[in-house]
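Asks: I am attaching a structure below and will ask some questions about it afterwards.
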Amino acid sequence: MAEPTAGLELGHIAALLAAGVVAVPIFRRFQLGSVLGYLAAGLAIGPFGIGLFREPEVILHVAEFGVVIFLFIIGLEMRPSRLWSLRKDIFGLGAAQVALAGLLLTLTGMAGGLSIPVAFVLAMGFVLSSTAVIMQMLDERGELAAPQGQRAVSILLLEDLAIVPLLAVVAIMASVMGLAGEAAPPLWRTLGLAIGAVAIVFFAGKYLINPVFRVLARYGGREVMTAAALLVVVGAAWLMDMGGLSMAMGAFLAGVLLSESTFRHQLEADVEPFRAILLGLFFLSVGMSLDVAVVLADWRIVVGGVVAFMAVKAVAIYGVARLFRAGEREAVERAVLFAQGGEFAFVLYAAALTAGVFDARISAAATAIVILSMVLTPLTSLLVGRLMPPPNLDPEGADGVDKAKNLRERVLIIGFGRFAQVVSQPLLARDVDVSIIDHDVEMIQAAGNFGFKVYYGDGARLDVLRASGAANAETILVCVDKPEIADRIVELVKAEFPLTKLFVRAYDRGHAIRLVQAGVEYQLRETFESALVFGHQVLIDLGFTHEQARETIEDVRRRDEERLSLQMVEGIMAGRSLMRGNIRTTKPEPYIKPRREGRALNEEAAEALEDDGAPQKTGA
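Add 2 to a position in the sequence shown, counting from 1, and you land on the number used in this note's numbering.
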């Protein structure tokens, strides 16, 4: 076993990278997520595993920068107008969640025999959920940009803001209890520093960074731009830290101020690689920090604290979510996702230990509770996700969704994705009576916000087709995404409603051939016409006249029709000669170069060669 060290040598850096490289793919293979993989790897190589590292706090301080960069990137995606639109979620939903969860957790701590100050600090530290864990899990799910993801970001922003007054409260508690070793700075100085830090970051982001980056883009190299991007993040985080605020909040604010900058994409591209590596390193260091000795020594306190605090916090979050009209599924998912302490708890507990509010044993146990809750969150989220039923597809339990029943409009549209939405416009413009069915509840609800009445129904079922008025419809438009489903619908309609016309969206040439053979009145490959319009515009832009472009597009269309006719008879590989390729035919060259060029033997031959533009030599 390697000798544990407080410093970082090349071998230890290799061990950190190897731990992530080995553990994360394994955990993701079993759908456990990368966060749990990093945490497990950190525990394995830390002082309480094989002991490669003696002081994981050293790595943790460096790795926290990954969280800072992550928040900076989130800020770049969050324009000021968008952030303003989330103000109700930030100061309403976020504040309500922090307040209710803090109250219930404080009461839980008091019920466990803790004094009011200790219970309050322990509870409020646990209220501050892990930004790193939640953001990473939302990112892996692809939910950051979704409405529920934005609400999660709003709550996390409020929790980041809450660390400032909480640190002040700890200082006040120490002063009141007579535990403070040194006089705490006056409140006006603390507030002044915080306001000054925010003002400097705001001014720099608004007025200085863009001109500086223009100069660097002109006279600096790529490495200078990367260094400048990191300087923006580090500088904003450092200023906020000096002002007693969250470093992550400073980076987020800098990102928001730069979100409308012309260098936004450059900044994001430059810092993204550092974010990925350092955030993984952060999770590794958290796993290393889990003191197994404390857990074993006070296992009843630690295990009981983890279970009680996670359960109580989840109940509070669920209640607030439902109070703010979140759906059942979203409320449960949010409760599970936020039911853990976070990295800001370490800051608060360290301040409480320094101030004398916590003793060493309570601080160690509280830290272990937070770390274990972070470790358990990916597991509980995975477990609840598997136990929960799939999203409700029954319109009976969904708002604004009705089953297709007794529909009798002139045209029936099956599937209401992007294609069908465009198709519906000319029909509605001419006041054609249209019935629309789809089996995606979320899409049906979204369509209602845009003035469409879409009924719930699976067009591949005969009973649904009957209820949707297929027997009375003049025309059925099959606009579903999947070709196999379209084929099934065509088969049913042709068998049961032979007098009804069928217009079908085709996926590709093979699908188009099957539809023609099935006898549909009209089929169109979903991208064909738009691609022709696209190509027509390219020709115009390249300098061809409108008439030349039109003739060319018509020639392509004619060739495509001829090719499709041949494929109907001879198979999909027929008609290849009608397609134009970009591989030019090479002129054949002799294997052995002649010793001398050819010569004309008479004047007639010389004239013919001259007419062809070839060099000639007259013979005798």
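All C-beta atoms, glycine included, are put in the ideal place defined by N, C-alpha and C. Every value quoted in this text rests on a predicted model; they were computed, and no experiment measured them.
Give every residue of the same chain whose Cβ lies closer than 8 Å to the Cβ of residue 519, excluding the five residues on either side of it in the sequence, and list them in chain order.
Replies: Result list for residue 519: 570, in chain order.
Asks: Quick one: measure Cβ to Cβ for residue 477 and residue 455, integer angstroms, because I've assumed they're closer than 8 Å.
Replies: With a Cβ gap of about 19 Å, residue 477 and residue 455 do not count as contacting.
Asks: Are the beta-carbon atoms of residue 419 and residue 439 separated by less than 8 Å?
Replies: No.
Asks: Report buried or exposed for residue 361, applying the criterion of at least 16 other Cβ atoms within 10 angstroms of its Cβ.
Replies: Under this definition residue 361 is an exposed residue.
Asks: Among all the DSSP beta bridges, which residues are the ones paired with residue 437?
Replies: In DSSP, residue 437 forms a bridge with 414.
Asks: Would you be able to state if there are at least three C-beta pairs under 8 Å between the segment 32–52 and the segment 286–296?
Replies: In short, these stretches touch, since the Cβ pair count reaches three.
Asks: Quickly, what does DSSP pair residue 478 with across the bridge? List them, please.
Replies: Per DSSP, 414 and 504.
Asks: Run through DSSP, which three-state label would residue 210 get?
Replies: Looking at residue 210 - three-state DSSP - the assignment turns out to be helix.
Asks: Which residues mark the beginning and the end of the beta strand (DSSP E) in which residue 526 is found?
Replies: Unbroken beta strand (DSSP E) run through residue 526: 524–527.
Asks: Taking C-beta to C-beta, are residue 461 and residue 416 nearer than 8 Å?
Replies: Yes, Cβ-Cβ distance for residue 461 and residue 416 is below 8 Å.
Asks: With H, G and I counted as helix, E and B as strand and the rest as coil, what does DSSP make of residue 509?
Replies: Three-state result, residue 509: coil.
Asks: Between residue 115 and residue 269, what straight-line distance do the alpha-carbon atoms span, to the nearest angstrom?
Replies: Distance between the alpha carbons of residue 115 and residue 269 is about 50 Å.
Asks: Please say whether residue 93 and residue 108 have beta carbons closer to each other than 8 Å?
Replies: Not in contact: residue 108 and residue 93 (Cβ atoms no closer than 8 Å).
Asks: Based on the DSSP secondary-structure assignment, which residues constitute the bridge partners of residue 458?
Replies: 405 and 440.
Asks: Using CA coordinates, which residue listed in 338, 363, 81 and 364 is at the minimum distance from residue 258?
Replies: Ranking 338, 363, 81 and 364 by Cα distance to residue 258 puts 81 first.
Asks: Taking C-beta to C-beta, are residue 273 and residue 95 nearer than 8 Å?
Replies: No, the pair does not count as a contact, with Cβ atoms beyond the cut-off.
Asks: Compare the Cα-Cα distances from residue 212 to each of 174, 196 and 256 and report the closest residue.
Replies: Of 174, 196 and 256, the residue nearest in Cα terms is 256.
Asks: Along the chain, which unbroken stretches of the alpha helix (DSSP H) at least 4 residues long are found entirely within the segment 19–74?
Replies: As far as the segment 19–74 is concerned, its whole alpha helix (DSSP H) runs of at least 4 residues are 36–47.
Asks: Which of helix, strand or coil does DSSP assign to residue 576?
Replies: Note: residue 576 maps to coil in three-state DSSP.
Asks: Taking DSSP as the reference, what is the three-state secondary structure of residue 110?
Replies: Residue 110 falls in the helix class under three-state DSSP.
Asks: Quick check on residue 508: buried or exposed, where buried means 16 or more other Cβ atoms within 10 Å of its Cβ?
Replies: That one is buried.
Asks: Can you give me the Cβ contacts of residue 218 inside the same chain, cut-off strictly under 7 Å, excluding the 5 residues immediately before and after it?
Replies: Closer than 7 Å at Cβ, skipping near neighbours: 226, 227 and 230.
Asks: Can the beta-carbon of residue 151 be found closer than 8 Å to that of residue 140?
Replies: Yes. Within cutoff.
Asks: Starting from residue 357, trace the alpha helix (DSSP H) both ways and give me its first and last residue.
Replies: That run of the alpha helix (DSSP H) goes 345–357.
Asks: So, is residue 71 buried or exposed, given that buried needs 16 or more other C-beta atoms within 10 angstroms?
Replies: Buried.
Asks: If you drop the 5 nearest sequence neighbours on each side, which residues of the same chain put their C-beta closer than 8 Å to that of residue 466?
Replies: Once the five neighbours on either side are set aside, the close Cβ partners of residue 466 are 406, 439, 459 and 460.
Asks: Judging by CA-CA distance, which residue of 30, 237 and 286 is the nearest neighbour of residue 57?
Replies: Comparing Cα-Cα distances from residue 57 to each of 30, 237 and 286, the minimum goes to 286.
Asks: Could you round the C-beta distance between residue 120 and residue 357 to whole angstroms and report it? I think they count as a contact, below 8 Å.
Replies: Actually they do not touch by this definition, with Cβ atoms about 12 Å apart.
Asks: Scan the segment 209–242 and note each continuous alpha helix (DSSP H) run of 4 residues or more that stays entirely inside, going in chain order.
Replies: You should have 211–221.
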